[in-house]
Amino acid sequence: MKTSITGCITVFVAFVFLSIGNIFSQGMNELVYSEDTTFSASELHELRLRFRNLNFFRNNEYKGELVKGYTLPGLWILPSVSYQPLRNLKIEAGAYMLRYWGESKYPNTHYANLPGYDTGDTQSAFHAVPFFRVHYKPLPGISLVLGNIYGSNNHGLIEPLYNKEMVMTSDPEAGVQFLWNTRCFNMDMWVNWESFIFQGDNRQEEFTFGVSSRVKANSSLDRVHWYLPVQLIFKHQGGEINTSATSRGVKTWFNAAAGVGVDIKTPFPCFNRLNIEADAAYYSQQKGDIFPSDNGYGFYGKAVADFKNFRLHAAYWQCHDFVSLMGDPLFGAVSMFNPGQVYKDPKMAYLSLEYSHRIGKGFALGVHADVYNTFAADTKTTLSGDDGNLEVKFSHVPNSISFLAGIYLRTDFSFLIKRF
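The opening position of the sequence shown corresponds to residue 68 in the numbering used here, with each subsequent residue numbered one higher.
Structure representation (structure tokens):
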């Protein structure tokens, strides 16, 4: 009952904000979820104090049996000091701190976990990790990033492969990143090292390797722009020196997607852009037996329309034995709530309405309200019985409608400390 009341309040406030605002064509992903990767020539030889922050209130009224609902009320702050000694080199150091209202203890581990990765260590007041980034741009259009990379929604992965909510739940990605942007091709290739282990550690090392690329058939400045997205994600758990680990078996999973899309700039003053994209997705469990299926696939189609003040997003998804490693569980066939339950060929459609507004330089507001319809499907649940034998149960899950809504305020500004 409490969750339902929270959901009603969130949806009401969201639509109040959606009814006001100024003209702005950028969406929440550009204004709220992503980070600018460009160099500023005006900051050369400057030592600056930078402050980044995201305040959020997100309510997920999930229905059905894939995942249960929850609310994310909180904020993260990232104060840092940056220095740009060269036009093509920038160094930044600080601390990332995450706080959920109503909680005072946090797991001392990264938040984007796969099954079998828990820790009893905790932190008080905030979940805090250090932040350090070196950004080097040796050639126009080419960047090398070491330390904390431009992660999360900067990768531009499709929804079945990546959950935008992770900007509120996961640590800043850290490792190495290669960015390549030209007129005909964009590529983001990265390694996010999530768990380092010492000799005899009782945990496994874990890292993610990803590639998000786009082949452009013509210039993105054309009125009609065609492109081909290709995306890959490898997740790995293992390690040879963790001799005290409860489980030392190597586990490797793989997600991929490829498709075709078109961006259409319209001549209408209140209807700025239309984007249509269709993608085929693939899943593979290459090592390990954590998930019940070793291979799966899916189809994802979406249409995005940018209006005077809003962005309207409609999409359809269906899959077979697909596991979304970093995406919303609604895009998978495996229940995250009922152990051993697998949906047979699940189908889902959703509609999202969002409003985003640049309040001023360094400040942006975002609001969204989403409706997800998960169609009725047959399920199979495999459990271990008291005698050790596997028990298989079949059931039919009816159609379910989930509601998601959120309000976000993003801050990103800096002050000059000293010019050298």
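Note that beta-carbon positions come from the ideal geometry of N, C-alpha and C, so glycine has one too.
As the structure is a computational prediction, the values presented were derived from the model and not from experiment.
For the segment 219 to 226 against the segment 192 to 204, are there 3 or more C-beta pairs whose distance is under 8 Å?
Between the segment 219 to 226 and the segment 192 to 204 there are fewer than three inter-stretch CB-CB distances shorter than 8 Å, so the stretches are not counted as touching.
Within this structure, are the beta carbons of W247 and G306 separated by less than 9 Å?
Taking the first residue of the sequence shown as position 1, residue 247 is located at position 180. Taking the first residue of the sequence shown as position 1, residue 306 is located at position 239. Cβ atoms of W247 and G306: not closer than 9 Å.
Cα separation between F91 and E421?
The count along the sequence shown starts at 1 and reaches residue 91 at position 24. The count along the sequence shown starts at 1 and reaches residue 421 at position 354. Only weak support is given to the placement of F91: the predicted model assigns it a pLDDT of 39, under 50, and the question is left unresolved by the model.
What is the residue span of the beta strand (DSSP E) that I468 lies within?
Taking the sequence shown and counting its residues from 1, the one referred to as residue 468 is at position 401. Counting along the chain, the beta strand (DSSP E) containing I468 begins and ends at S467 to R486.
Cβ shell of K172 (< 8 Å), same chain only, five flanking positions each side left out
Residue mapping note: residue 172 aligns to position 105 of the sequence shown, counting from 1. If the five residues before and after K172 are omitted, its C-beta is found closer than 8 Å to the C-beta atoms of T189, Q190 and S191, all from its own chain and listed in chain order.
When you compare each of E128, V459 and A444 to L450 by their alpha carbons, which one comes out closest?
Translated into the one-based positions of the sequence shown, residue 450 becomes position 383. The alpha carbon of L450 has as its nearest neighbour, out of E128, V459 and A444, the alpha carbon of V459.
Outcome for P487 when other beta-carbon atoms lying within 10 angstroms are tallied against a minimum of 16:
The residue given as residue 487 occupies position 420 in the sequence shown. Per the sequence shown, residue 487 should be read as Phe rather than Pro. F487 comes out exposed.
Is there contact between the segment 317 to 331 and the segment 283 to 298, where contact requires at least three CB pairs shorter than 8 Å?
Because the criterion of three Cβ pairs below 8 Å is met, the segment 317 to 331 and the segment 283 to 298 touch.
Around the C-beta of G183, are 16 or more other C-beta atoms found within 10 angstroms, so that it is buried, or is it exposed?
Counted from its first residue, the sequence shown places residue 183 at position 116. Note that G183 scores a pLDDT of 48, beneath 50, so its modelled location is shaky; the value from the coordinates is reported in the next line. Answer is exposed; the Cβ neighbour count stays below 16.
Through-space distance from H292 to P336, alpha-carbon basis
Walking along the sequence shown from the start, residue 336 turns up at place 269. Walking along the sequence shown from the start, residue 292 turns up at place 225. Going from the Cα of P336 to the Cα of H292 covers about 19 Å.
Would you tell me roughly how many angstroms separate the C-alpha atoms of N362 and R340, rounded to the nearest one?
Looking up residue 362 in the sequence shown gives position 295. Looking up residue 340 in the sequence shown gives position 273. In this structure, the CA atom of N362 is about 36 Å from the CA atom of R340.
Secondary structure, alpha helix (DSSP H): runs of 4+ residues fully inside the segment 195 to 236:
The qualifying runs do not exist here; there are none.
Just confirm the distance between the C-beta atoms of V234 and L121, as a whole number of angstroms; I'd bet it's less than 8 Å.
As a first step, residue 234 is located in the sequence shown; it is residue number 167 there, counting from the start. As a first step, residue 121 is located in the sequence shown; it is residue number 54 there, counting from the start. Their Cβ separation, rounded to whole angstroms, is 7 Å, which keeps V234 and L121 in contact under 8 Å.
Within its chain, find whatever has a CB closer than 8 Å to the CB of C251; leave out the 5 residues flanking it on each side and keep chain order.
As a working mapping, residue 251 is identified with position 184 in the sequence shown. Closer than 8 Å at Cβ, skipping near neighbours: V282 and K283.
On a CA-only basis, which of Y163, V464 and K231 is nearest E101? Give me that one, please.
Here residue 101 refers to the residue found at position 34 of the sequence shown. The question names Glu, yet the displayed sequence has Ser at residue 101. Minimum Cα-Cα distance from S101 among the listed residues Y163, V464 and K231 corresponds to K231.
Consult DSSP for N127 and reduce its assignment to one of helix, strand or coil.
For the purposes of this step, residue 127 is taken as the residue at position 60 of the sequence shown. Here N127 sits in strand by DSSP.
Straight-line Cα distance separating L206 from D255:
Here residue 255 is taken as the residue at index 188 of the sequence shown, counted from 1. Here residue 206 is taken as the residue at index 139 of the sequence shown, counted from 1. Answer to the nearest angstrom: the Cα atoms are 15 Å apart.
Need the endpoints of the beta strand (DSSP E) that E344 sits in, please.
Start at 1 with the first residue of the sequence shown, and residue 344 comes out as number 277. First-last of the beta strand (DSSP E) with E344: F338 to K354.
Only counting the same chain, and skipping five residues up and downstream in sequence, which positions put a Cβ closer than 6 Å to that of S402?
Numbered from its first residue, the sequence shown carries residue 402 at position 335. So the list reads E132, L133 and Q408, once near-sequence residues are dropped.
For I132, the residue or residues it bridges with in DSSP:
Position 65 of the sequence shown, counted from the start, is the residue given in the question as residue 132. According to the sequence displayed, residue 132 carries Glu and not Ile. Answer by DSSP bridge pairing: none, since E132 is not bridged.
Would you list the residues sitting across from I144 in a DSSP beta bridge?
As a first step, residue 144 is located in the sequence shown; it is residue number 77 there, counting from the start. Partner(s): N120 and M164.
Quick check on this structure: which residue in A372, I264 and Y349 has the alpha carbon closest to the alpha carbon of W384?
As a first step, residue 384 is located in the sequence shown; it is residue number 317 there, counting from the start. Here the closest residue by C-alpha is Y349.
Run through DSSP, which three-state label would S280 get?
Translated into the one-based positions of the sequence shown, residue 280 becomes position 213. Three-state DSSP puts S280 in a strand.
Would you give the residue range spanned by the beta strand (DSSP E) that R315 belongs to?
On the sequence shown, position 248 is the one that residue 315 refers to. Segment: none, R315 is in no beta strand (DSSP E) and carries neither H nor E.
With which residues is N253 paired in a DSSP beta bridge?
Along the sequence shown, one-based indexing puts residue 253 at 186. Paired residues: N248 and R281.
Looking only at C-alpha atoms, which of S391, I331, T249 and V148 sits nearest to I200?
Reading the sequence shown from its first residue, position 133 is the one you call residue 200. This sequence places Arg at residue 200; Ile is not what is there. Selected option, being the one with the closest Cα: V148.
F502, DSSP secondary structure in three states
Nothing can be reported for residue 502, as the shown portion of the chain is limited to 68 through 487.
Between the alpha carbons of S109 and T441, how many angstroms are there, rounded?
On the sequence shown, position 42 is the one that residue 109 refers to. On the sequence shown, position 374 is the one that residue 441 refers to. CA-to-CA, the gap between S109 and T441 works out to about 50 Å.
Does the separation of the CB atoms of Y203 and L211 fall below 9 Å?
Position 136 of the sequence shown, counting from 1, holds the residue named residue 203. Position 144 of the sequence shown, counting from 1, holds the residue named residue 211. Their beta carbons are under 9 Å apart, which means Y203 touches L211 by this criterion.
Outcome for H380 when other beta-carbon atoms lying within 10 angstroms are tallied against a minimum of 16
To locate residue 380, count along the sequence shown from 1; it is residue 313. With 16 or more Cβ atoms within 10 Å of its Cβ, H380 is classed as buried.
Can you grab the Cα-Cα spacing for the pair F377 / I158, in whole Å?
Mapped onto the sequence shown, residue 377 falls at position 310. Mapped onto the sequence shown, residue 158 falls at position 91. Roughly 36 Å separates the two Cα atoms.
Tell me, to the nearest whole angstrom, how far the beta carbon of N253 is from that of S280; I am working on the premise that it is less than 8 Å.
For this step, residue 253 is matched to residue 186 along the sequence shown. For this step, residue 280 is matched to residue 213 along the sequence shown. Going by Cβ atoms, the distance from N253 to S280 rounds to 6 Å, so yes, they are a contact pair.
Could you tell me whether the Cβ atoms of L471 and E226 are closer together than 9 Å?
The residue given as residue 471 occupies position 404 in the sequence shown. The residue given as residue 226 occupies position 159 in the sequence shown. The answer is no: Cβ separation not under 9 Å.
Should G368 and H387 be called a contact, given that it needs their Cβ atoms to be closer than 9 Å?
Within the sequence shown, residue 368 is the residue found at index 301, counting from 1. Within the sequence shown, residue 387 is the residue found at index 320, counting from 1. The criterion of a C-beta distance shorter than 9 Å is not satisfied by G368 and H387.
According to DSSP, is N96 helix, strand or coil?
On the sequence shown, residue 96 is found 29 positions in, with the first residue counted as 1. Helix.
Determine the DSSP secondary structure at F274, reduced to helix, strand or coil.
Numbered from its first residue, the sequence shown carries residue 274 at position 207. Residue state, collapsed to three classes: strand.
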